[in-house]
Amino acid sequence: MSLRLGDIAPDFEQDSSAGKIRFHEWLGDSWGVLFSHPADFTPVCTTELGFTAKLKDEFAQRGVKPIALSVDPVDSHHKWIEDINETQHTTVNFPILADADRKVSDLYDLIHPNASDTLTVRSLFVIDPNKKIRLTITYPASTGRNFHEILRVIDSLQLTDNHKVATPANWQDGDEVVIVPSLKDEDEIKKRFPKGYRAVKPYLRLTPQPNR
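The structure is reproduced here in structure tokens:
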């Protein structure tokens, strides 16, 4: 059964390039990004893993731990990491799960028979500190992931978890945000949003972004 938003991300224990991972324990109180790759030594995924390594500080600022997955064994991962470091001019600084027995792939519904009976699709999950799945994206094999979009969604999730707001189309950190329609009390609105708001429509009220 496929995982849905709000579901608890399945826990597991699996080998990785950084040793044995007990997933929920490894996450601790952090956010997590779990993203899968069909196999080692694939060109698009090589660029993705290199770019993820370069985003180390961006993830750290947001309290996010990235973790990748491929169905190849640990020895293969270590050889692939050498290639990633060389070609992408970086150092891989996060674990790659060695899901050779497809235990995690089955838990996260990463084998799609119409795509491949053996290789995982390229899915990504954003998981919050309560271990709930907050975002799922599945990409085609030919299209590299947009990690700036993933960071943007994490920024939105962390902001909207702390304030009664939502983020509009194409929102970037620092832009105006939407006051949620369920918030009606004007005194509470004034306390929460001291800079005021503009009502485009009664249900569409825009206000400067509160501090995250």
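Under the UniProt record's numbering, the first residue of the sequence shown carries the number 1, and numbering increases by one thereafter. Glycine included, C-beta positions come from ideal geometry on N, C-alpha and C. No experiment lies behind these values; they were computed from the predicted model shown.
Member of the options whose CA lies at the smallest distance from the CA of residue i
i                : options                        : result
alanine 141      : Arg122, Ser156 and Ser16       : Arg122
lysine 79        : Thr42, Ile111 and Arg62        : Thr42
glycine 63       : Asp72, Leu151 and Asn146       : Leu151
phenylalanine 23 : Arg4, His163, Gly32 and Phe12  : Phe12
lysine 56        : Phe147, Ser36 and Thr136       : Phe147
serine 182       : Val104, Tyr203 and Pro208      : Tyr203
threonine 87     : Lys103, Cys45 and Asp15        : Cys45
valine 104       : Asp155, Glu25 and Asp15        : Asp15
threonine 138    : Ala9, Glu58, Tyr108 and Gly174 : Tyr108
glycine 19       : Asp185, Asn85, Ile96 and Leu34 : Ile96
Counterpart residues of residue i in DSSP-defined beta bridges
i             : result
serine 36     : Leu69
alanine 199   : Arg205
tryptophan 31 : Val64
serine 16     : Leu97
Boundaries of the beta strand (DSSP E) in which residue i is found, first to last residue
i             : result
isoleucine 96 : 96-98
Span of the alpha helix (DSSP H) around residue i
i           : result
leucine 49  : 43-54
valine 92   : Premise fails: valine 92 is in no alpha helix (DSSP H) and is neither H nor E.
leucine 107 : 103-107
Whole beta strand (DSSP E) elements within the region 124-193, 3-residue minimum: 133-139 and 177-179
Given 8 Å, three or more beta-carbon pairs between the region 37-52 and the region 63-80: yes
The region 162-169 / the region 68-77 touching (three or more Cβ pairs under 8 Å): no
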